[in-house]
Amino acid sequence: GKRAYLLSPPVVGFFEFSMMRAKDAIPKKRMAEALRAYTSGDPAFAREVFGRDTVIGRSLVHETALADDVPEVLAWQRATEVVGGARRWAVSLCLCRHTAEHLGDRCDAPMDNCLSLNGGAEFVIRRGFGRPVEKAEALEILARSRQSGLVQIADNVKSHPTFVCNCCGCCCEQLRSISHWGLPAVNPSGFTPRHDAARCAGCSRCARACPVGAIEMAPVREKASRKNGLVPRIDEETCIGCGVCAGACRKDALSMVPGGKTRPVPASAIERVVRQALERNRLADLLFDEGPGLGSRFLYRAVDAIVALPPAQALLAQEQVRSRFVKAALKRFRGAS
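Per this note's numbering, the very first residue in the sequence shown carries number 2; after that it's consecutive.
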């Protein structure tokens, strides 16, 4: 029954919330300039936030781009299921496009389409960072954003996600970190484009639409022609499996099938936090410094997440935690002597 407070993290936290409100006392242009300088001035911030295997967001494949022969898609892989299965919804201004607007380089994509879900929606509504919407409007925003060729990026968890962003490659900090800094900033969807050479016209619409620059048009010899044709070549190391390319194709020459580069999707937000701390060699800090302030429930769930890790990562977790105990013991010993 007690209320507790903690510092809002950089991501997802005070950056987003500062620019999600349409009106308040914050000087928006100065804030936008500060955010751009801090997050994009050099790769340090991007490497800290996005430069590991476990990242904040994961791509959701455009369901309209799925091939007819794709087997059943899991609920947490479908944007309509992620949004439709939530219990509360809110919509806010897109942080990235709102920032770009004040800096004079915003694109023409819609801005009022950042969806918060479940507990995230309740927080956004309570603090005035967005407005409440019903399921039907949330699903409509989702469909409209897909038609606009935007990437749908969800909270990188399988259960109880807190957001679905509708992102463009020009403004989105996550997508820009991929194309500009070459970082694995978004977990791929688990799907990859399949090319039908017989349908392809070599028009390059797919390459121009790709939000992370994962497609280039390569020359190919054609029969009875002195000129080369063009076919898309997809870089699977960069591709996030969003399906935007398939939606841009007017010849139905691309469709999305299971495949591509994949990384594990954490089961819950607690597992994601544990994995991120482990990858940054900060698991002991999370458990011993931050854990008590977050309560016993957090600690119990964190321990459950550690136990569920693959053997190699579980061993690494054990070493990180053990080293904290060793350092504390040595400090006490030296102090006593």
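Every residue, glycine too, gets a C-beta built ideally from N, C-alpha and C.
Predicted model only: the values in this text are computed from it and were never measured.
Buried or exposed: E238, going by 16 or more other Cβ atoms within 10 Å of its Cβ?
The sequence position of residue 238 within the sequence shown is 237, counting from 1. E238 is exposed by the Cβ-count criterion.
To the nearest angstrom, report how far apart R281 and G86 are at their CA atoms.
Here residue 281 is taken as the residue at index 280 of the sequence shown, counted from 1. Here residue 86 is taken as the residue at index 85 of the sequence shown, counted from 1. So the two alpha carbons sit approximately 33 Å from each other.
F130, buried or exposed, once every other Cβ within 10 Å from all chains shown has been counted against 16:
Stepping through the sequence shown from its first residue, residue 130 is reached at position 129. It is buried - the Cβ of F130 has at least 16 other Cβ atoms within 10 Å.
Thinking C-beta only, is R147 closer than 8 Å to V92?
Looking up residue 92 in the sequence shown gives position 91. Looking up residue 147 in the sequence shown gives position 146. The answer is no: Cβ separation not under 8 Å.
Since A249 and R200 are thought to touch, with beta carbons under 8 Å apart, how far apart are those beta carbons, to the nearest angstrom?
The residue given as residue 249 occupies position 248 in the sequence shown. The residue given as residue 200 occupies position 199 in the sequence shown. Actually they are not in contact, since the Cβ atoms of A249 and R200 sit about 14 Å apart, beyond 8 Å.
Measuring CA to CA, which of F18, V275 and C240 is closest to V62?
Position 61 of the sequence shown, counted from the first residue, corresponds to residue 62. Ranking the options by Cα distance to V62, first place goes to C240.
Taking the alpha-carbon positions, what's the P233 to D197 distance?
Numbered from its first residue, the sequence shown carries residue 233 at position 232. Numbered from its first residue, the sequence shown carries residue 197 at position 196. Going by the C-alpha atoms only, they are around 10 Å apart.
Whole angstroms is fine: what's the gap from T193's alpha carbon to D236's?
On the sequence shown, position 192 is the one that residue 193 refers to. On the sequence shown, position 235 is the one that residue 236 refers to. The alpha-carbon atoms of T193 and D236 are separated by roughly 10 Å.
What are the residues that DSSP puts in a beta bridge with D156?
Stepping through the sequence shown from its first residue, residue 156 is reached at position 155. Answer is G58, bridged to D156.
Assuming S256 and A270 form a contact by the criterion Cβ under 8 Å, report the distance between their Cβ atoms to the nearest whole angstrom.
Position 255 of the sequence shown, counted from the first residue, corresponds to residue 256. Position 269 of the sequence shown, counted from the first residue, corresponds to residue 270. At roughly 32 Å, the Cβ-Cβ gap does not stay under 8 Å, so S256 and A270 are not in contact.
Would E1 and W90 be called neighbours here (beta carbons separated by less than 8 Å)?
In the structure as shown, the chain starts at 2 and stops at 338, and residue 1 therefore has no counterpart that could be examined.
Just to confirm my understanding: we take E17, look at its own chain, exclude 5 residues before and 5 after, and list those with CB closer than 7 Å. What are they?
Counting from 1 along the sequence shown, the entry for residue 17 is found at position 16. The residues are L96.
Selected residue, minimal CA-CA separation from G242, among R227, G260 and T40
Sequence index remark: in the sequence shown, residue 242 carries index 241 (1-based). Nearest option by C-alpha distance: G260.
According to DSSP, is G260 helix, strand or coil?
Residue mapping note: residue 260 aligns to position 259 of the sequence shown, counting from 1. G260 falls in the coil class under three-state DSSP.
Just curious, the beta strand (DSSP E) that V92 is in, first and last residue?
Your numbering for residue 92 matches position 91 in the sequence shown. It spans W90 to S93 - the beta strand (DSSP E) in which V92 sits, taken as one unbroken run.
Once the 5 residues before and after F46 are set aside, which same chain residues still bring their CB inside 7 Å of it?
The count along the sequence shown starts at 1 and reaches residue 46 at position 45. Cβ neighbours of F46 beyond the five flanking positions: Y39 and T40.
Does the Cβ of V12 have 16 or more other Cβ atoms within 10 Å, making it buried, or fewer, making it exposed?
For the purposes of this step, residue 12 is taken as residue 11 along the sequence shown, with counting starting at 1. So V12 counts as buried.
Looking only at its own chain, which residues have a Cβ that is under 7 Å from the Cβ of V71, when we skip the five neighbours before and after it?
Residue 71 sits at position 70 when you count from the first residue of the sequence shown. Excluding residues within five positions, the ones whose Cβ falls inside 7 Å are V258 and P259.
Distance, V165 Cα to V275 Cα:
Reading the sequence shown from its first residue, position 274 is the one you call residue 275. Reading the sequence shown from its first residue, position 164 is the one you call residue 165. Each residue's Cα considered, the two are about 22 Å apart.
For V158 and L116, believed in contact at Cβ under 8 Å, the rounded distance:
For the purposes of this step, residue 116 is taken as residue 115 along the sequence shown, with counting starting at 1. For the purposes of this step, residue 158 is taken as residue 157 along the sequence shown, with counting starting at 1. Not really, about 15 Å apart at Cβ, beyond 8 Å.
Which listed residue (G42, R79 and R59) has its alpha carbon closest to that of L67:
Walking along the sequence shown from the start, residue 67 turns up at place 66. Checked all of G42, R79 and R59; the closest Cα to L67 is R79.
From this set, R59, T100 and L94, which residue's C-alpha is nearest W77's C-alpha?
Numbered from its first residue, the sequence shown carries residue 77 at position 76. Among R59, T100 and L94, the Cα nearest to that of W77 is on R59.
Classify C168 as helix, strand or coil using the three-state DSSP reduction.
In the sequence shown, the residue the question calls residue 168 occupies position 167. DSSP places C168 in strand when its eight states are reduced to three.
Can you tell me where the alpha helix (DSSP H) holding T193 begins and where it ends?
Locating residue 193 in the sequence shown gives position 192, counting from the first residue. Counting along the chain, T193 falls outside any alpha helix (DSSP H), though it belongs to the beta strand (DSSP E) covering F192 to H196.
Look at K252 and A202 and say whether their C-beta atoms are less than 8 Å apart.
Indexing the sequence shown from 1 puts residue 252 at position 251. Indexing the sequence shown from 1 puts residue 202 at position 201. In contact: K252 and A202 (Cβ atoms closer than 8 Å).
What's the C-alpha gap between V213 and E82?
Start at 1 with the first residue of the sequence shown, and residue 213 comes out as number 212. Start at 1 with the first residue of the sequence shown, and residue 82 comes out as number 81. Whole-angstrom Cα-Cα distance: 25 Å.
Restricting to Cα atoms, I'd like to know which of E291, L118 and V56 is closest to G176.
Sequence index remark: in the sequence shown, residue 176 carries index 175 (1-based). The residue you asked about is not Gly; residue 176 is Leu in the sequence shown. Of the listed residues, the one whose Cα sits closest to L176 is V56.
Alpha carbon of R264 to alpha carbon of Q277, nearest angstrom:
As a first step, residue 264 is located in the sequence shown; it is residue number 263 there, counting from the start. As a first step, residue 277 is located in the sequence shown; it is residue number 276 there, counting from the start. Answer to the nearest angstrom: the Cα atoms are 13 Å apart.
Note down the Cα distance separating A208 from A137, rounded to an integer number of angstroms.
By 1-based counting over the sequence shown, the position of residue 208 is 207. By 1-based counting over the sequence shown, the position of residue 137 is 136. Using only the alpha carbons, I get a separation of about 33 Å.
Helix, strand or coil for S338? Go by DSSP, reduced to three states.
Residue numbering aside, residue 338 sits at position 337 when the sequence shown is read from its first letter. Note on S338: pLDDT 49, under 50, position unreliable in the model; the coordinate value appears next. In the structure shown, S338 sits in coil (DSSP, three-state: anything other than H, G, I, E or B).
How many angstroms separate the CA atom of L231 from the CA atom of R128?
For the purposes of this step, residue 231 is taken as residue 230 along the sequence shown, with counting starting at 1. For the purposes of this step, residue 128 is taken as residue 127 along the sequence shown, with counting starting at 1. Distance between the alpha carbons of L231 and R128: 51 Å.
I need the straight-line Cα distance from R227 to V245, nearest angstrom please.
Numbered from its first residue, the sequence shown carries residue 227 at position 226. Numbered from its first residue, the sequence shown carries residue 245 at position 244. If you take the alpha carbons of R227 and V245, they lie about 32 Å apart.
Is it buried or exposed for F289, if we count other Cβ within 10 angstroms and need 16 for buried?
Numbered from its first residue, the sequence shown carries residue 289 at position 288. It is exposed - the Cβ of F289 has fewer than 16 other Cβ atoms within 10 Å.
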